[in-house]
Amino acid sequence: MGFVRKWDSTCPQVYDSWQSNGAKWVIQDLPPEDDETALQLLRENLIPDETLCALSNLKDDPESFRSISDFWLACFAQRMSLACYTEKEGKRTLVAINVCVVDTIGDSVPKIEIEGEAWKNVFNALEYIEHKCDPFKYFGYDILLHALGLVVKKEYRGEKLGSRMLSAREPLSRPHGIKATSTVFTGPASQISAARSGFKSICEVSLKELADNGLKYPPDENRSIKLMVKSFA
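Heads up, the sequence shown is in the numbering used here, so the first residue is 3 and it goes up one at a time.
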């Protein structure tokens, strides 16, 4: 049996909080009542901008758009995703989301069919790099925190929220005995942010290599995706 999060009266847990620019900020567990808001944030901000989704033109493929939405909702159901809220003048707004799941060896989450040509093209790229360098084997652990989408609402970019969300993975993980996290970072900005947050690249694959292996990407040797990890041990 895979990982099960106990969601009780102590949840959502808060992992970071601060004040700046006249606003309060908090990073916490994503609560069930905000799943649809978080999904809309991902649809409007991640799908158009994230490298693989953009190159695959996912936003214009209805089947892929529906399937990736179902995938994210299935991830949320494990209740390990992180949410960042800001509060100003009494108004609380969800401004960033990091879709996180706990995977164990032989039991990846979520168990849901990948449908749509564009979404399959994105997902197969993620699978390709992780098969090339298995993070479970790299660490020798049987459980990892895996992330499948980090995005900040456009009007809140520049607040270093991405770095804070990455750092919040450690206090999220530790109470559950999780010693490391793994993510495929697909763009230069996210790769730089991850490195600054203590992540290490263990595998890099160019768009050309993805294209050479049958995926629909431009054969560009100068653009790459990176599998990056961070140990909490």
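Where a beta carbon is used, it is the ideal one built from N, C-alpha and C, also for glycine.
Check: Burial state of residue 80, where buried means 16 or more other Cβ atoms lie within 10 Å; Outcome: buried
Check: Those runs of the alpha helix (DSSP H) which lie wholly inside the stretch 96-157 and span at least 4 residues; Outcome: 119-134 and 137-141
Check: Closest Cα partner of residue 65 within the set 135, 218 and 121; Outcome: 121
Check: Three or more C-beta pairs below 8 Å linking the stretch 120-140 and the stretch 155-168; Outcome: no
Check: Between the CA atoms of residue 33 and residue 11 - distance to the nearest angstrom; Outcome: 12 Å
Check: Contacts around residue 114, its chain only, beta-carbon distance under 7 Å, and the 5 residues preceding and following it disregarded; Outcome: 72, 73 and 76
Check: Straight-line Cα distance separating residue 124 from residue 229; Outcome: 14 Å
Check: Cβ neighbour criterion (16 or more within 10 Å) applied to residue 102; Outcome: buried
Check: Reduced DSSP category for residue 19 - H, G, I as helix; E, B as strand; rest coil; Outcome: strand
Check: Inter-residue Cα distance where the pair is residue 146 and residue 106; Outcome: 6 Å
Check: Ranges of the alpha helix (DSSP H) found wholly within the stretch 163-187, counting only runs of at least 4; Outcome: 163-175
Check: Where the alpha helix (DSSP H) containing residue 74 begins and where it ends; Outcome: 64-78
Check: Span of the alpha helix (DSSP H) around residue 210; Outcome: 209-214
Check: Residue from 141, 37 and 61 with nearest C-alpha to residue 47; Outcome: 61
Check: Residue 85 and residue 141 closer than 9 Å at C-beta; Outcome: no
Check: Through-space distance from residue 59 to residue 149, alpha-carbon basis; Outcome: 22 Å
Check: Three-state secondary structure (DSSP) of residue 198; Outcome: helix
Check: For residue 230: DSSP bridge partner residues; Outcome: 185 and 203
Check: Whether residue 89 touches residue 153 by CB criterion (9 Å); Outcome: no
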